[in-house]
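Remarks on the structure that follows.
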Amino acid sequence: MTATDPPVPGGAAGWFARVVVLARWWIIAFWALATVASLLFFPSLNDAGGGGGLKGVLSADSPAVQNERRSFELFGLPLIARTVLVQRDASGLSPYAQARTVIRAVAVDKGKSGDVIPIRGALPITNTLGAFPGASEESTTALTFLLFGPETSLGRRTRAAQDYAERFFVAEDHVVGVTGSAPARSVQGRLIKDALPTVELLTLMAIVLIVGLSFRSLVAPLITVVTVGVGYVATFRVSGVLTELFDLPSPDELKPVVVALLLGVVTDYVVFFCAALREERRRLGDVSARHAATVAIARSGPIVLVAGIAVAAGTGTLMVAESPFFRALGPALAFTVLIGLLVAITLIPALVVVAGDLVFWPARPGRSSAASAASAASAGDGGARGAAGTGSRWSRFAVDHVTRSRKVAGMVLMGSVALMLLAASPILNLQLGVSFLNALPRDTPVRAAAIEAQDGFAAGILAPTVVVGAGDGIGAQ
Numbered sequence: 001m002t003a004t005d006p007p008v009p010g011g012a013a014g015w016f017a018r019v020v021v022l023a024r025w026w027i028i029a030f031w032a033l034a035t036v037a038s039l040l041f042f043p044s045l046n047d048a049g050g051g052g053g054l055k056g057v058l059s060a061d062s063p064a065v066q067n068e069r070r071s072f073e074l075f076g077l078p079l080i081a082r083t084v085l086v087q088r089d090a091s092g093l094s095p096y097a098q099a100r101t102v103i104r105a106v107a108v109d110k111g112k113s114g115d116v117i118p119i120r121g122a123l124p125i126t127n128t129l130g131a132f133p134g135a136s137e138e139s140t141t142a143l144t145f146l147l148f149g150p151e152t153s154l155g156r157r158t159r160a161a162q163d164y165a166e167r168f169f170v171a172e173d174h175v176v177g178v179t180g181s182a183p184a185r186s187v188q189g190r191l192i193k194d195a196l197p198t199v200e201l202l203t204l205m206a207i208v209l210i211v212g213l214s215f216r217s218l219v220a221p222l223i224t225v226v227t228v229g230v231g232y233v234a235t236f237r238v239s240g241v242l243t244e245l246f247d248l249p250s251p252d253e254l255k256p257v258v259v260a261l262l263l264g265v266v267t268d269y270v271v272f273f274c275a276a277l278r279e280e281r282r283r284l285g286d287v288s289a290r291h292a293a294t295v296a297i298a299r300s301g302p303i304v305l306v307a308g309i310a311v312a313a314g315t316g317t318l319m320v321a322e323s324p325f326f327r328a329l330g331p332a333l334a335f336t337v338l339i340g341l342l343v344a345i346t347l348i349p350a351l352v353v354v355a356g357d358l359v360f361w362p363a364r365p366g367r368s369s370a371a372s373a374a375s376a377a378s379a380g381d382g383g384a385r386g387a388a389g390t391g392s393r394w395s396r397f398a399v400d401h402v403t404r405s406r407k408v409a410g411m412v413l414m415g416s417v418a419l420m421l422l423a424a425s426p427i428l429n430l431q432l433g434v435s436f437l438n439a440l441p442r443d444t445p446v447r448a449a450a451i452e453a454q455d456g457f458a459a460g461i462l463a464p465t466v467v468v469g470a471g472d473g474i475g476a477q
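Below, the structure written as structure tokens:
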């Protein structure tokens, strides 16, 4: 800072800005080392917590889960079958095919089918001779509900069911496939993991384009990419450690939400600081780029800090939701915002100070105070037009037309409301609830097998309700 430079705002904000400027290289080095160390030594959120299970969807205190535990205590395995082998022939399953289905299931239950681990039991059901009164067809479909121990992962259950079908069934048995909530959950997690890199890349490309066009710069998007990358690694690696350390739920559906929130939060804060630096360069005139950056950090730092805390507090309120799925989202999203905020208020200012006016390269944001004053005066038509002279064409259009004509303002208002209503129209068909099968594309084998099972029996056949009864002599009743 030279003797002619305007003073930096005082207080905690000014002190923080000076510390960031002095320690800029140390801050950059710290985040670089932290990122490398996280990649080398910390588990990723994708690998931690067993995200394919139902832990983050069902509450351990719910009556359904408590009854399932009771059935495990009484029978040695949970009696809820979330994996189902489906056989169907629209022209009719032969009596021999149906008999083989029952015989194989009984052999599993009696331990005479050889090594079928981890399958612990099998329950066959056919729509033959009116045995299932609600079935829409007769003698076309057979279902084998496969039972597993609670320690068996969803992926292993699906593979075991497929091995069971390949080992014991032939073409004449008309095996359609394996379905149920467990295979559906496993497929859903795989689809999310496969699609997530593409979504991340497209989102990042959109962010780079928007930031680059907004600042007419090639460096500002680079700062955004670097900051987002550091925040992404920090969030997913530290979350992975916490998930393993405290055995927290980590649903697969959580990861896209975390990515979207992190990208949005970090990008917003990059825009905050870069816009503040551009404004200070224009306002202060021909001061040094470092001094302008210091003033920009002092003025924008408190805004970014308060905004980040407010967003973290807002997402944290999900922890009081009744749904265990939303309760799992609450701390994860709040933690994501706090990590993004920590990166934003340290790394972004440090990079901005180091880059200086290169942040806006190839544009040149710095202008002398005299030139700025002359430009404001030449804009004419009062202070409003003078202020708009430093803005974009859209800002000038808004000042000249929208704010000065009730008719134009009304048209803009109605158009904005119409666009918002159009964007919100999918809410009319929104289905609240957790349905793993219906959420899958219709061409996936698990969804196709579910449709075949429901066509042969009835909707809901894949999710039966099990009633646990206990008492002395109940088996004779």
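Sequential numbering of the sequence shown, starting at 1, is according to the working numbering.
Beta carbons are placed, not taken as given, at the ideal position from N, Cα and C, and that holds for glycine.
Ala-379 (DSSP reduced to helix, strand or coil):
Numbered from 1 along the sequence shown, position 379 holds the residue referred to as residue 379. Bear in mind that the predicted position of Ala-379 carries a pLDDT of just 42, short of 50, making it unreliable; the figure below should be weighed with that in mind. Residue state, collapsed to three classes: helix.
Which residue wins for smallest C-alpha separation from Val-467, given the options Leu-79, Arg-24, Val-19 and Leu-39?
Here residue 467 refers to the residue found at position 467 of the sequence shown. The candidate whose alpha carbon is nearest that of Val-467 is Leu-79.
Which residue's Cα is closest to the Cα of Leu-305: Val-343, Arg-278 and Leu-329?
To locate residue 305, count along the sequence shown from 1; it is residue 305. Nearest of Val-343, Arg-278 and Leu-329 to Leu-305, Cα basis: Val-343.
Arg-159 - partner residues in DSSP beta bridges
Against the sequence shown, residue 159 aligns to sequence position 159. Looking at the DSSP assignment, Arg-159 forms no beta bridge with any residue, so it has no partner.
Using a threshold of 7 Å, is the CB atom of Val-208 nearer than that to any non-hydrogen atom of the ligand ADP?
Absence of the ligand ADP is noted for the structure shown, with no ligands found whatsoever.
Cβ separation of Leu-143 and Ala-453, assumed to be a contact under 8 Å, to the nearest whole Å:
Translated into positions along the sequence shown, residue 143 becomes position 143. Translated into positions along the sequence shown, residue 453 becomes position 453. With 8 Å as the limit, Leu-143 and Ala-453 qualify as a contact, their Cβ atoms being about 6 Å apart.
Measuring CA to CA, which of Tyr-164, Val-170, Leu-263 and Ala-161 is closest to Thr-206?
For this step, residue 206 is matched to residue 206 along the sequence shown. Here the sequence assigns Ala to residue 206, which means Thr is not the residue at that position. Residue Leu-263 is the option with its Cα nearest to Ala-206.
Is the segment 158-170 close to the segment 123-130, with three or more CB pairs under 8 Å?
no
Mapping the DSSP letters down to three states, classify Val-178 as helix, strand or coil.
Along the sequence shown, read from residue 1 onward, the residue named residue 178 stands at position 178. Val-178: strand per DSSP, three-state reduction.
Whole-angstrom Cβ separation of Gly-149 and Leu-77, contact assumed at under 8 Å?
Taking the sequence shown and counting its residues from 1, one reaches residue 149 at position 149. Taking the sequence shown and counting its residues from 1, one reaches residue 77 at position 77. With a Cβ gap of about 6 Å, Gly-149 and Leu-77 count as contacting.
Residues in the same chain with beta-carbon distance under 7 Å from Arg-70, minus the five sequence neighbours each way, listed in chain order, please.
Position 70 of the sequence shown, counting from 1, holds the residue named residue 70. The residues are Val-468.
Looking only at C-alpha atoms, which of Arg-190, Tyr-232, Thr-179 and Ser-181 sits nearest to Leu-204?
Counting from one through the sequence shown, the residue named residue 204 turns up at place 204. When each option's Cα is compared against that of Leu-204, the closest is Tyr-232.
Beta carbon of Val-311, beta carbon of Thr-35: below 8 Å?
In the sequence shown, residue 311 corresponds to position 311, counting from 1. In the sequence shown, residue 35 corresponds to position 35, counting from 1. No.
Where are the alpha helix (DSSP H) runs, 4 residues long or more, that stay fully inside the segment 184-271, in chain order?
219-246
Rounded to whole angstroms, what is the Cα-Cα separation between Phe-236 and Leu-222?
Start at 1 with the first residue of the sequence shown, and residue 236 comes out as number 236. Start at 1 with the first residue of the sequence shown, and residue 222 comes out as number 222. For Phe-236 and Leu-222, the distance between alpha carbons rounds to 21 Å.
Rounded to the nearest angstrom, what separates Arg-299 and Leu-33 at their Cα positions?
The residue labelled residue 299 in the question sits at position 299 within the sequence shown. The residue labelled residue 33 in the question sits at position 33 within the sequence shown. About 29 Å.
State the Cα-Cα distance for the pair Val-187 and Ile-474, rounded to the nearest angstrom.
Translated into the one-based positions of the sequence shown, residue 187 becomes position 187. Translated into the one-based positions of the sequence shown, residue 474 becomes position 474. Going by the C-alpha atoms only, they are around 40 Å apart.
For Leu-341, collect the residues of the same chain with a Cβ closer than 6 Å to its Cβ; drop the 5 residues on either side in sequence, then sort them by chain order.
Your numbering for residue 341 matches position 341 in the sequence shown. Closer than 6 Å at Cβ, skipping near neighbours: Gly-308.
Going by DSSP in three states, Leu-347 sits in which element: helix, strand or coil?
If you number the sequence shown from 1, residue 347 lands on position 347. Correct three-state label for Leu-347: helix.
In this structure, does DSSP put Ala-142 in helix, strand or coil?
Against the sequence shown, residue 142 aligns to sequence position 142. Looking at Ala-142 - three-state DSSP - the assignment turns out to be strand.
Using a threshold of 8 Å, state whether the C-beta atoms of Leu-93 and Thr-140 are closer than that.
Counting from one through the sequence shown, the residue named residue 93 turns up at place 93. Counting from one through the sequence shown, the residue named residue 140 turns up at place 140. Contact flag set, yes.
Please check the pair Asp-357 and Ala-289, which I expect to be a contact at CB under 8 Å, by giving their CB distance rounded to whole angstroms.
Within the sequence shown, numbered from 1, the residue matching residue 357 stands at position 357. Within the sequence shown, numbered from 1, the residue matching residue 289 stands at position 289. Yes, they are in contact, since the Cβ atoms of Asp-357 and Ala-289 sit about 5 Å apart, within 8 Å.
For Arg-442, does the count of other Cβ atoms within 10 angstroms reach 16, so buried, or fall short, so exposed?
Within the sequence shown, the letter at position 442 stands for residue 442. Exposed, by the Cβ-count rule.
Option nearest Phe-16 by Cα separation, candidates Leu-85, Thr-346, Ser-425 and Pro-445
In the sequence shown, residue 16 corresponds to position 16, counting from 1. Among Leu-85, Thr-346, Ser-425 and Pro-445, the Cα nearest to that of Phe-16 belongs to Thr-346.
Extent of the continuous beta strand (DSSP E) run through Gly-121:
Looking up residue 121 in the sequence shown gives position 121. Residues 119-126.
In this structure, how does DSSP classify Pro-426 when only helix, strand and coil are distinguished?
Translated into positions along the sequence shown, residue 426 becomes position 426. In this structure, Pro-426 counts as helix in the three-state DSSP scheme.
Among Leu-218, Asp-163, Asn-438 and Val-258, which residue has its Cα nearest to the Cα of Ala-355?
In the sequence shown, the residue the question calls residue 355 occupies position 355. Out of Leu-218, Asp-163, Asn-438 and Val-258, Leu-218 has the C-alpha closest to the C-alpha of Ala-355.
According to DSSP, is Pro-63 helix, strand or coil?
Here the question's residue 63 lines up with position 63 in the sequence shown. In the structure shown, Pro-63 sits in a helix (DSSP, three-state: H, G or I).
Are the Cβ atoms of Pro-85 and Leu-146 separated by less than 8 Å?
On the sequence shown, position 85 is the one that residue 85 refers to. On the sequence shown, position 146 is the one that residue 146 refers to. According to the sequence displayed, residue 85 carries Leu and not Pro. Cβ atoms of Leu-85 and Leu-146: closer than 8 Å.
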